[in-house]
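Just so we're aligned: the sequence shown equals residues 26 to 324 in the working numbering. First comes the structure, then the notes that go with it.
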Amino acid sequence: MLEEQFNQNTLKNRLIVTKKLHNFKMESGTWFAVHVDQFKEIGLQMETIGEPLDETRQLVLLLGSLTDEYRMISTALENTPNMTLAYAFQALSGVDASDESSSAQQKAFVAKKSYDKRGFNGKCFYCKQTGHKETECRKKKADEERGQVARETSDYAFTATSTMGKSEWLVDSGASSHMTSVRDKFVSMKELKTPVRITIADGKKIDAVAMGTIGLKLMDGTSVTLSDVLYIPEVEGSLISVAKLAEKDVVAQFSKDKCVFRYGDASVMEAKRCGNVYKLKTVGTRCVMRRRHLVRSHG
Numbered sequence: 026m027l028e029e030q031f032n033q034n035t036l037k038n039r040l041i042v043t044k045k046l047h048n049f050k051m052e053s054g055t056w057f058a059v060h061v062d063q064f065k066e067i068g069l070q071m072e073t074i075g076e077p078l079d080e081t082r083q084l085v086l087l088l089g090s091l092t093d094e095y096r097m098i099s100t101a102l103e104n105t106p107n108m109t110l111a112y113a114f115q116a117l118s119g120v121d122a123s124d125e126s127s128s129a130q131q132k133a134f135v136a137k138k139s140y141d142k143r144g145f146n147g148k149c150f151y152c153k154q155t156g157h158k159e160t161e162c163r164k165k166k167a168d169e170e171r172g173q174v175a176r177e178t179s180d181y182a183f184t185a186t187s188t189m190g191k192s193e194w195l196v197d198s199g200a201s202s203h204m205t206s207v208r209d210k211f212v213s214m215k216e217l218k219t220p221v222r223i224t225i226a227d228g229k230k231i232d233a234v235a236m237g238t239i240g241l242k243l244m245d246g247t248s249v250t251l252s253d254v255l256y257i258p259e260v261e262g263s264l265i266s267v268a269k270l271a272e273k274d275v276v277a278q279f280s281k282d283k284c285v286f287r288y289g290d291a292s293v294m295e296a297k298r299c300g301n302v303y304k305l306k307t308v309g310t311r312c313v314m315r316r317r318h319l320v321r322s323h324g
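Quick look at the structure:
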């Protein structure tokens, strides 16, 4: 029964995310920063269902989704040799589609002319200031430390967790933070002044009420420490956030049968694919997970 429910949820997720991908278009008057957030969310959700988009396909999706106000700059970017997704974000983030005082031709010229400038001159998606990225934003880090940021994670974060055991951790590309409903996993915890809002598959919104540090004992007897883990008492399950590990320079590489976590050139951890998801297994679960080196995440 649980396996049947899991498969139904997985199929539902694939249909929802694929439909979002095919219908993804920028609404007239939308700020580019908002559009990029929606674009990134779809990309992460595609990874979550096991169908990641390569960089070329992401560029096609992004440029093809823009409104007519961006047509000229989009054409310029399409004809720029060795175009990267990072530069497309940088070039487009400086364009205000509602600013009629600057023509599309002028915007396209400026974007193309500045291609060889490697410094980041785009706008932070969090504080809206220029000169740094969201991952480098000091205001965001300070707000998170004070518990003042009300964040939302993937719509599909907890679709499969109701069928998971307490010792299983789902590898999730859509979640912005590690999270769990198992309180006794925490070695330290602090209450959040402002709860973190999370949307689950059925549209219900739940709150993470605390944040802390968790110690996990792996199948080979070694231990892993995860920091900034959200405590969510309303829904059973545990997630490991790919994005959160990436902030620590730990990169997840997905293949058809496993997810390998790498730090630099070293392979530090592997999670086995179980159905259409990837799970990290700790002591007390049956699916095998290998860990070669200890990775400790510091907040």
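For each residue, glycine too, the CB sits at the ideal point set by N, CA and C.
Per-residue DSSP class, three states only, for residue i
i	result
Ala296	strand
Tyr140	Its pLDDT being 43, under 50, Tyr140 is placed unreliably in this model, and the value from its coordinates should be taken loosely. In this structure, Tyr140 counts as coil in the three-state DSSP scheme.
Lys37	helix
Ala200	coil
Tyr151	coil
Phe49	coil
Ile239	strand
Met214	strand
Val275	strand
C-alpha gap between residue i and residue j, whole angstroms
i	j	result
His203	Leu264	5 Å
Lys230	Lys281	32 Å
Asp274	Arg287	8 Å
Val221	Asn38	23 Å
Lys166	Ala271	15 Å
Asp93	Tyr112	20 Å
Ile223	Val234	11 Å
Lys137	Glu80	With a pLDDT of only 42 at Lys137, under 50, the local geometry of the prediction cannot be trusted, and the value read off the model is given with reservation. Approximately 20 Å between the Cα atoms of the pair.
Gln154	Asn107	28 Å
Gly54	Val42	24 Å
Glu52	Val85	17 Å
Phe279	Val285	7 Å
Asp253	Ala268	13 Å
Tyr95	Leu102	10 Å
Glu125	Met97	In this predicted model, Glu125 has a pLDDT of only 38, less than 50, meaning its place in the structure is not dependable enough to derive any value.
Beta-carbon gap between residue i and residue j smaller than 7 Å
i	j	result
Lys210	Ile239	yes
Tyr151	Glu161	no
Ser99	Phe57	no
Leu195	Val302	yes
Ser198	Glu76	no
Ile67	Phe49	yes
Ser213	Gly237	yes
Leu87	Phe64	yes
Distance between beta carbons of residue j and residue i, contact taken as under 8 Å
i	j	result
Leu251	Leu241	7 Å
Ser206	Glu295	Contact doesn't hold; Cβ gap of about 25 Å is too wide.
Leu110	Gln83	5 Å
Ser192	Lys306	7 Å
Gly297	Lys283	Per the sequence presented here, residue 297 reads as Lys, with Gly not at that position. Yes, Lys297 and Lys283 are in contact; Cβ-Cβ is about 6 Å, under 8 Å.
Interface flag, residue i vs chain D, CB-CB below 7 Å
i	result
Ile41	Among the protein chains of the structure shown there is no chain D, as only one such chain exists.
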